[in-house]
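Basically my numbering = 1-based index in the sequence shown + 422. Beta carbons are placed, not taken as given, at the ideal position from N, Cα and C, and that holds for glycine. Only one structure is covered here, and it is reproduced in the block below.
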Amino acid sequence: MIANLHRRTPALAVSDARGLPVRQVAYLRAVADDTATALVTRQYHDHAGRLVEQWDPRLSVPSLTSVHSLAGALLKSASVDAGWRFNLPGLAGEPLQRWDARHAHWRTTFDGQLRVVTLAENDEVIDRFTYADASADAGHNQRGQLLEQKESSGSLRTDSFALTGQPLKETRTFTDGQAFTSQRRFSPLGVVLEQTDAGGHRQQSRYGLAGQLRQTHLQINSKSHSHPVLLDAQYNAADQIIEQLAGNQVRSQWTYDPADGRLHTQSSRKDSGAVLQDFEYFYDPVGNITRIEDHAFQPRYFANQLIDGHRDFTYDSLYRLTSATGYDDAPPSDIPGLPQPANNRLNFTQTYRYDRGGNLTELCHVRAGNNYTRQMRIDPNSNRGVLWTEGEEPDFDKLFDRHGNQQAIHVGKPLKWNARDELHQVILLARENHNSDAERYEYSQGMRVFKRHDYLAANVEHFHQVRYLPGLEIRTRDNGEELHVISVGNARYLYWLAKKPKGIDADQLRYSLEDHLGSCVMELDQQAQLISQEGYYPFGETAWMAAHSALEVSYRFIRYSGKEMDVSGLYYYGARSYAPWLQRWISTDAEQADGLNLYAFVGNNPIGFIDPDGNTRAESVIMLYSAFASAVEGHSEEVLGQLHNIINQNVALNMAVNLGGEIVRGIVGYEGGSLGGAQFDTMIPTLEVAPNVLKPSSLVGGNIGGDVAGAIVEPVANSIGLQVGPLIPQTSQMSVSAIDQSLGIEAPVKEINSWKDFKSEVLHPTLNSLFSQHF
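Following this line, the structure appears as structure tokens:
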């Protein structure tokens, strides 16, 4: 009998004679008494050491194949999940043309400074870019800047820039000709001090000496006074928030384990002392959450059960969730998101099974009066999968297109995609003799800017549309209703300009209380009175909900993981959409955040990880030291431009440019900053363009060094056989798995259990190696 699930389950890495990784072996055990199963991931490199094939433990063909030019540039990639793409670069490495498996031909034209001028799809220009020349208005810092981008969703024009290059005033024009202007004001360090949205509503933010947000106020257009949204915020020495006082006098507090910085308790109370929220978190030695105790929940007995509000979680040896307990309401209605009767709330247990490729294949739900099992059928030749009923064999060639985009969310509810693999339309109810009920979407710069839901009720056509603008959503209906939803942190102000519905208060300031994943579990009004409350299953479905009325819930837009649920039940994350009832994405991941499986959701560990934007897996609690987190973001574009001035066209240094472009957006690490500053000081005098570098050089080097530490630590650690545990989560927007792919790294081996171990084993050797390169 094996008492420990993880006993004798090491992670092995095998390298060839050139030192290139060719095998990673992970040992899987889900039950302590079972024999561990070896899962082998393979890589194949060509004679030049380039990674050309990657094999997962499940498939008999390569999951990803790459073809490179003689100079090392990627020419073709072929994925069993995402199809193939072919790129034709120019002499400077710029992407001139590309083709894909959906028969799209993309052609990009550049000006003499290698700036994108037009982007054409199948010989039709769909994007145009206009830049300011030397005669442009210097008073608004326009010279050399991108002034306007025209695309299928309309246009975006920037009329004024800060000295750091950030947009001060921008106007978005939609295809119907309506234009909306937003303005911002920044501090010298690039932090947003004031924002006036397209509705004329003004947000003001105040920061402490360390660059941390302390207060926010919101003044609604045509109102003479401002509303305090955030009255105060306190942080500890590790830059983790420990206390927050909201404008409705609700005080939230967080405590952390001093040994490892993990979140220990999270609570919220009214000024009267009434407890609204009180979570306590328990972890295994690796950092997986094993139990969440809800001390604010009132235990009750019902149907011979004790419902105490606590939740327990177990994991396999690969840290994938295998079981979860909690409580839920009666089976939900067919309408997603509406409250259910709370008089049948009972305990449940969910168990999960996965295949060798990391696909969730079975979910078993056990609850008195509501037991069910969902099975997924996975394509034998890829990771594409659909819900499966015995006797109905899926045709994956019809259920997915050539890029792996799912073609329907349910039978009779098809999905339509644009050429950029963005979800364009969901058919909710198809009609032959009338317009179908549908919701369609428009995008700009990879983000959704417009949504419209058309439906038929009582033989009358209706619509509800949303325009997404900086800090503002403009929601309109066919009956003349116009609602401005102003987002200020975790608060949202509902301001009706016309046709406010009956039965709901006007000018509402709603506050969200969130769990460790950022999910909205409670919504309060300005007097701290409960509007709605919601609990979730581990993979994001609604387990229970309580609210005063369905009308109030219909104006609650932020749900699981802090994301908006569409009328289809899909959650929009930014890069793609997530189907919580499938426990997976409906399209592939361009950044490969979960390795070779492009559909898996946060590594099948939804309790400990989140995906902020649809193509990144990050820990739910940030624990890195980040004293400059609020200030460094404003410097990102400026430092990136200076890096382009500093670095020549050597191949290795071009990689540094690309890396720098992402890491300067990350969080500055203390050790990386100090070492980077010293190295940068010695490096600058050897460069001919040194006078153009931002002074003092130590500040730039410190920022860059710290960000390098945060962005490259995981793949470097893995390459030398170390596992970066919860102490060092991913905080950069750059996908660590993308770096892993290029290095051929899959499985970690050894743990780092302290900051001292991390510095000595990974951080200092990596920074010394990086900054010692010959320029």
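Worksheet item: Can you pull the DSSP bridge partners for HIS490?
Response: Reading the sequence shown from its first residue, position 68 is the one you call residue 490. Paired residues: LEU496.
Worksheet entry | DSSP-derived helix/strand/coil call for ALA460 | Looking up residue 460 in the sequence shown gives position 38. Residue state, collapsed to three classes: strand.
Item to complete: Could you name the residues that DSSP lists as bridge partners for HIS527?
Response: The residue given as residue 527 occupies position 105 in the sequence shown. In DSSP, HIS527 forms a bridge with TRP521.
Item to complete: Evaluate ARG824 with the Cβ neighbour count: other Cβ atoms within 10 Å of its Cβ, from every protein chain shown; 16 or more gives buried, anything less gives exposed.
Response: To locate residue 824, count along the sequence shown from 1; it is residue 402. By the neighbour-count rule (16 or more Cβ atoms within 10 Å), ARG824 is not buried but exposed.
Worksheet item: Mapping DSSP to helix, strand and coil, what is PHE818?
Response: On the sequence shown, position 396 is the one that residue 818 refers to. It is helical.
Discussion item. Count Cβ pairs between the segment 507-527 and the segment 488-499 that sit closer than 8 Å; are there 3 or more?
Written reply: yes
Worksheet item: Since LEU916 and GLN930 are thought to touch, with beta carbons under 8 Å apart, how far apart are those beta carbons, to the nearest angstrom?
Response: Walking along the sequence shown from the start, residue 916 turns up at place 494. Walking along the sequence shown from the start, residue 930 turns up at place 508. At roughly 4 Å, the Cβ-Cβ gap stays under 8 Å, so LEU916 and GLN930 are in contact.
Worksheet item: So which of ASP734, LYS921, PHE551, ARG767 has the shortest CA-CA distance to TYR705?
Response: The sequence position of residue 705 within the sequence shown is 283, counting from 1. Closest by alpha carbon: ASP734.
Item to complete: Excluding the 5 residues preceding and the 5 following LYS820 in the sequence, name in chain order all residues of the same chain whose CB lies nearer than 8 Å to its CB.
Response: Locating residue 820 in the sequence shown gives position 398, counting from the first residue. Result list for LYS820: GLN829, in chain order.
Worksheet item: Based on the DSSP secondary-structure assignment, which residues constitute the bridge partners of VAL1262?
Response: This structure cannot settle anything about residue 1262, because the visible part of the chain is limited to 423 through 1197.
Worksheet item: Can you tell me whether ALA655 is buried or exposed, with buried defined as 16 or more other CB within 10 angstroms of its CB?
Response: In the sequence shown, counting from the first residue as 1, residue 655 sits at position 233. Buried.
Worksheet item: Taking DSSP as the reference, what is the three-state secondary structure of GLY1017?
Response: What you label residue 1017 is simply residue 595 of the sequence shown in a count that begins at 1. Coil at GLY1017, not helix or strand.
Discussion item. Which of the three DSSP states is assigned to SER858 in this structure?
Written reply: Locating residue 858 in the sequence shown gives position 436, counting from the first residue. In the structure shown, SER858 sits in coil (DSSP, three-state: anything other than H, G, I, E or B).
Item to complete: Could you tell me whether the segment 433-443 touches the segment 459-474, using the rule of 3 or more Cβ pairs below 8 Å?
Response: yes
Worksheet item: For the 8 Å Cβ check, are there 3 or more pairs between the segment 569-578 and the segment 864-879?
Response: yes
Item to complete: Under 8 Å by Cβ, that's how I've got SER739 and LEU427 pegged, so tell me the actual separation to the nearest angstrom.
Response: Counting from 1 along the sequence shown, the entry for residue 739 is found at position 317. Counting from 1 along the sequence shown, the entry for residue 427 is found at position 5. Between LEU427 and SER739 the Cβ distance is about 6 Å, and since that is below 8 Å, they are a contact.
Fill in: Identity of the residues DSSP links to THR1038 by a beta bridge
Along the sequence shown, one-based indexing puts residue 1038 at 616. Answer is none; THR1038 lacks a bridge partner.
Item to complete: Kindly give me the distance between the Cβ atoms of LEU743 and TYR774, rounded to whole angstroms, as I take these residues to be in contact under 8 Å.
Response: Taking the sequence shown and counting its residues from 1, one reaches residue 743 at position 321. Taking the sequence shown and counting its residues from 1, one reaches residue 774 at position 352. Confirmed, Cβ separation roughly 6 Å.
Worksheet item: Whose CA, out of ARG932, ARG914, ALA950, GLN955, lies closest to the CA of ALA943?
Response: Within the sequence shown, numbered from 1, the residue matching residue 943 stands at position 521. One detail in the question is off: residue 943 reads as Val in this sequence, not Ala. The option with the nearest alpha carbon to VAL943 is GLN955.
Practice prompt. Pick helix, strand or coil for ALA972, following the three-state DSSP scheme.
Written response: By one-based count along the sequence shown, residue 972 stands at place 550. Here ALA972 sits in helix by DSSP.
Worksheet item: Would you say GLN662 and SER674 are within 9 Å of each other, going by their C-beta atoms?
Response: Taking the first residue of the sequence shown as 1, we reach residue 662 at position 240. Taking the first residue of the sequence shown as 1, we reach residue 674 at position 252. No, Cβ-Cβ distance for GLN662 and SER674 is not below 9 Å.
Worksheet item: Excluding five sequence neighbours on each side, which residues of the same chain lie with their C-beta closer than 7 Å to the C-beta of GLU963?
Response: Within the sequence shown, numbered from 1, the residue matching residue 963 stands at position 541. Taken in chain order, the residues that qualify are PRO1002, TRP1003.
Item to complete: State the DSSP-derived secondary structure class of TYR678, mapped to helix, strand or coil.
Response: The residue given as residue 678 occupies position 256 in the sequence shown. Of the three classes helix, strand and coil, the one that applies to TYR678 here is strand, per DSSP.
Worksheet item: For ASP693 versus VAL708, is the C-beta spacing smaller than 9 Å?
Response: On the sequence shown, residue 693 is found 271 positions in, with the first residue counted as 1. On the sequence shown, residue 708 is found 286 positions in, with the first residue counted as 1. Cβ atoms of ASP693 and VAL708: not closer than 9 Å.
Discussion item. Going by C-alpha to C-alpha distance, which of GLN564, ASP937, THR595, GLN600 sits closest to HIS588?
Written reply: The residue labelled residue 588 in the question sits at position 166 within the sequence shown. In the sequence on display, residue 588 carries Gln and not His. Taking only the C-alpha atoms, the option nearest GLN588 is GLN564.
Worksheet item: Which value, in whole angstroms, describes the spacing of the CA atoms of PRO892 and VAL910?
Response: Counted from its first residue, the sequence shown places residue 892 at position 470. Counted from its first residue, the sequence shown places residue 910 at position 488. Computed Cα separation, rounded: 11 Å.
Practice prompt. State the CB to CB distance for the pair PHE583 and GLN605, rounded to an integer number of angstroms; the pair is presumed to be in contact (CB under 8 Å).
Written response: Within the sequence shown, the letter at position 161 stands for residue 583. Within the sequence shown, the letter at position 183 stands for residue 605. Wrong, their Cβ atoms sit about 12 Å apart, outside the cutoff.
Practice prompt. Determine which residues share a DSSP beta bridge with ASN509 and list them.
Written response: For this step, residue 509 is matched to residue 87 along the sequence shown. Looking at the DSSP assignment, ASN509 forms a beta bridge with ARG520.
Worksheet item: Apart from the five residues on each side of it in sequence, which residues of its chain come closer than 6 Å, Cβ to Cβ, to GLY505?
Response: Here the question's residue 505 lines up with position 83 in the sequence shown. Within the same chain, GLY505 has close Cβ partners ALA523, ARG824, HIS825.
Worksheet item: Nearest-angstrom Cα distance between LEU782 and TRP676?
Response: Reading the sequence shown from its first residue, position 360 is the one you call residue 782. Reading the sequence shown from its first residue, position 254 is the one you call residue 676. For LEU782 and TRP676, the distance between alpha carbons rounds to 33 Å.
Worksheet item: Going by DSSP, which residues form a beta bridge with ASP700?
Response: On the sequence shown, position 278 is the one that residue 700 refers to. The partner list for ASP700 (beta bridge, DSSP) reads SER689.
Worksheet item: Is the closest heavy atom of the ligand MN to the C-beta of GLY813 under 8 Å?
Response: In the structure shown, the ligand MN is absent, as is every other ligand, since no ligand is present at all.
Worksheet entry | HIS846 to ASN827 span [Cα, whole Å] | Walking along the sequence shown from the start, residue 846 turns up at place 424. Walking along the sequence shown from the start, residue 827 turns up at place 405. Looking at the two C-alpha atoms, the distance is approximately 12 Å.
Discussion item. I believe PHE770 touches ARG789 by the beta-carbon criterion, under 8 Å. Please report the beta-carbon distance rounded to the nearest angstrom.
Written reply: Within the sequence shown, residue 770 is the residue found at index 348, counting from 1. Within the sequence shown, residue 789 is the residue found at index 367, counting from 1. Right, the Cβ-Cβ distance comes to about 4 Å (below 8 Å), so this counts as a contact.
Worksheet item: Nearest to ALA1012 by alpha carbon, out of SER941, GLY1025, ARG998, ARG594?
Response: Looking up residue 1012 in the sequence shown gives position 590. Checked all of SER941, GLY1025, ARG998, ARG594; the closest Cα to ALA1012 is ARG998.
Worksheet item: Start and end of the beta strand (DSSP E) containing VAL547?
Response: Position 125 of the sequence shown holds residue 547. It spans 546-553 - the beta strand (DSSP E) in which VAL547 sits, taken as one unbroken run.
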